[in-house]
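Numbering (my numbering), first residue to last: 79 to 557.
Each remark here refers to the structure printed beneath this line.
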Amino acid sequence: MKPKQYPQQPAHLWEHFYQITQIPRPSKAEAAIKQYVIGQAEASGAAWEEDAEGNLVVRVPASAGRDHQSPVIIQNHLDMVTVKTDDKDHNFNTDALDLEVVDGWLKADRTTLGADNGVGCAAALAVMTDTSVSRPPLELLFTVDEETGLGGALNLDASLLSGKRMLNLDTEDWNELYVGCAGGGGWTFTRDFQAVSPGDEQFWKLSLKGLAGGHSGIQIHEQLGNAIKLLAQLMLDLGGARLLSLDAGIAHNVIPREGSAVIALPVGAESQLRERVETLTQQWLGFLPEADHALSLTAEPDEQTAGLSREDTLTVLGLLAAFPHGVQSYNLKQPADLPDISINLAVCRVQAGALFLESSFRFFNYDQSLPLQQSVMGLAAAFDLHVEPEAGYPGWQPDFESALLAKGVALHENLFGYTPEIKAIHAGLECGILKSKKPDCDILSFGPTIRGAHSPTERLEIATVTPFWEYLKAMLATL
Numbered sequence: 079m080k081p082k083q084y085p086q087q088p089a090h091l092w093e094h095f096y097q098i099t100q101i102p103r104p105s106k107a108e109a110a111i112k113q114y115v116i117g118q119a120e121a122s123g124a125a126w127e128e129d130a131e132g133n134l135v136v137r138v139p140a141s142a143g144r145d146h147q148s149p150v151i152i153q154n155h156l157d158m159v160t161v162k163t164d165d166k167d168h169n170f171n172t173d174a175l176d177l178e179v180v181d182g183w184l185k186a187d188r189t190t191l192g193a194d195n196g197v198g199c200a201a202a203l204a205v206m207t208d209t210s211v212s213r214p215p216l217e218l219l220f221t222v223d224e225e226t227g228l229g230g231a232l233n234l235d236a237s238l239l240s241g242k243r244m245l246n247l248d249t250e251d252w253n254e255l256y257v258g259c260a261g262g263g264g265w266t267f268t269r270d271f272q273a274v275s276p277g278d279e280q281f282w283k284l285s286l287k288g289l290a291g292g293h294s295g296i297q298i299h300e301q302l303g304n305a306i307k308l309l310a311q312l313m314l315d316l317g318g319a320r321l322l323s324l325d326a327g328i329a330h331n332v333i334p335r336e337g338s339a340v341i342a343l344p345v346g347a348e349s350q351l352r353e354r355v356e357t358l359t360q361q362w363l364g365f366l367p368e369a370d371h372a373l374s375l376t377a378e379p380d381e382q383t384a385g386l387s388r389e390d391t392l393t394v395l396g397l398l399a400a401f402p403h404g405v406q407s408y409n410l411k412q413p414a415d416l417p418d419i420s421i422n423l424a425v426c427r428v429q430a431g432a433l434f435l436e437s438s439f440r441f442f443n444y445d446q447s448l449p450l451q452q453s454v455m456g457l458a459a460a461f462d463l464h465v466e467p468e469a470g471y472p473g474w475q476p477d478f479e480s481a482l483l484a485k486g487v488a489l490h491e492n493l494f495g496y497t498p499e500i501k502a503i504h505a506g507l508e509c510g511i512l513k514s515k516k517p518d519c520d521i522l523s524f525g526p527t528i529r530g531a532h533s534p535t536e537r538l539e540i541a542t543v544t545p546f547w548e549y550l551k552a553m554l555a556t557l
């Protein structure tokens, strides 16, 4: 059921977005949402085609009198990040999202909203179903598996596309036009340790919750707390702790917002534990950004189980302390908010002596990232880790001479009376991959304002959707 105050205009866009939020669409499980898109295409008289990877191209006929014009590609991804709070009962494989309107923002109840990139998908469908829109021939490209490594774009059959101008609708700040994006890569690390039987100790479960988390690209410069780093600091600070298990982080592109660890301490160490939990909590709140001030750190008695030896515990905690996380260098032209290179320590699991780590890094210039990669590989060698590289993807080098950018800036000035900001984004838009597959394609990216992407606080600013829609329509009317 639509929430009270659910937006009504633009009607086609908001109706498509509502339907999209009612269809489960985790990465690698996009069959249902594809069927919705196909159904809309067939009802509109548009042809569609699917490649071997599952990416979908919908060919929308031009408006009357515009058949002779060159086709324009509109590109979005179908999948969404699936994150919820612990107290929310929700199955992303089967359940519709519970929507709310709060203070001018559309959000979901304690889950990700999927406005990244569902609102772009809704706009693309609205261009097709709203017969009042003037448009050239369109190729609506809906990719799959974007959020877990850009797999759809990486394996796209680009021969399905003939357009040489592309509008990507997957950026998250209205009044900004994007002409570049970061590339990226990553690794998983594993090592097996000998599990040690419990001794004459007391066992405690440490639980860290309430951090903001968020997107490991566009929010990495905000210095948000990393649950893995903070838990490791606490365990090292305790002295004498033995690590039995650790579980923190959910995906390579999400800053870890919560985690838990089970530790063994010498009998009688409870007062020290309580004191360090309280002291460190206050220390963290003294420097973490306001978004992290719901931080909660607790220690509760737990059952005994096998875990790491004290020596192996120090090895693992030393690795976590030494592992880089955050911005490594800033762009010289936009040093306040645009990193050139960053890394996210994303996932850590320790269970029955087995260690698993996952990390990802981002860059504009791949060569500039090589020293960071070397330092990580040096750590892996020093700590005897087995390394598996994850599939990387290219960046999209900014093109400030783009004809499409010039048209977009002039149109924005004519419609709204001021010049939009021109930016590059420290995130892995599919534009970089698509540009590598279609080098002659001129690309521009824009979208309405989204905050908290990849976290349960994700929200869409309703007031930015109408101007975004008017701008998209005006672009299509003039291309």
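In this text, a Cβ means the ideal position worked out from N, Cα and C, and glycines have one as well.
Item	Value
For CYS259, three-class secondary structure by DSSP	strand
ASP520 - containing beta strand (DSSP E), residue span	520–523
Sequence ranges, alpha helix (DSSP H) only - wholly within the segment 94–161, length at least 4	109–121
Secondary structure of ILE511, DSSP reduced to three states	helix
Check whether GLN118 and MET244 have beta carbons under 7 Å apart	no
Three-state secondary structure (DSSP) of VAL405	strand
Where ARG388 falls, given that 16 or more other Cβ within 10 Å makes a residue buried	exposed
Supposed contact pair HIS504 and PRO417 - C-beta distance, whole angstroms, cut 8 Å	5 Å
Reference LYS185; option with closest CA among ALA555, LEU550, THR556, GLY530	GLY530
Proximal residues to ALA125 (C-beta, below 6 Å), its chain only, five neighbours per side dropped	ARG137
7 Å CB neighbourhood of ALA481 in its chain, flanking five on each side removed	ASP520
Burial state of GLN297, where buried means 16 or more other Cβ atoms lie within 10 Å	buried
Integer Cβ distance of GLU225 from VAL180, believed to fall under 8 Å	The Cβ separation is near 24 Å, so there is no contact.
Cβ-based neighbour list, THR383, same chain, cut-off 6 Å, excluding 5 preceding and 5 following	LEU322
Burial state of TYR496 (16 or more Cβ within 10 Å)	exposed
LYS501 - partner residues in DSSP beta bridges	TYR256
Distance between beta carbons of ASN304 and HIS371, contact taken as under 8 Å	The Cβ separation is near 16 Å, so there is no contact.
Distance CB(LEU156)-CB(GLU108) smaller than 7 Å	yes
SER294 in three-state terms, based on DSSP	coil
CA nearest to the CA of THR266, picked from THR527, LEU286, ASN422, PRO498	ASN422
Beta-carbon gap between GLU254 and LYS501 smaller than 7 Å	yes
Supposed contact pair ASN246 and HIS293 - C-beta distance, whole angstroms, cut 8 Å	The Cβ separation is near 16 Å, so there is no contact.
Three-state class that DSSP yields for ARG354 in the structure shown	helix
Which listed residue (GLY291, LEU238, GLU539, THR249) has its alpha carbon closest to that of LEU366	GLY291
Counterpart residues of LEU284 in DSSP-defined beta bridges	ALA339, ALA377
Residues that DSSP places opposite ALA432 in a beta bridge	ASP270, GLN429
Environment of ASP390 [buried if 16+ CB atoms lie within 10 Å]	buried
Supposed contact pair ARG320 and ILE306 - C-beta distance, whole angstroms, cut 8 Å	So it is not a contact: roughly 18 Å between Cβ atoms.
Proximity test, THR544 beta-carbon vs the ligand HEM heavy atom, cut-off 6 Å	Among the components of this structure there are no ligands whatsoever, and the ligand HEM is therefore not found.
Cross-strand partners of HIS73 (DSSP beta bridge)	As shown, the chain starts at 79 and ends at 557. That puts residue 73 outside it, with no answer to give.
Presumed contact (8 Å Cβ cut-off) between GLY510 and CYS259, rounded CB distance	5 Å
Close Cβ partners of VAL425 (< 6 Å) along its chain, the five nearest in sequence each way excluded	GLY327, GLU436
Contact under 7 Å by Cβ, LEU191 with GLU536	yes
GLU217 in three-state terms, based on DSSP	strand
Local conformation of ALA186 per DSSP, three classes	strand
Reduced DSSP secondary structure (H/G/I, E/B, other) of GLY396	helix
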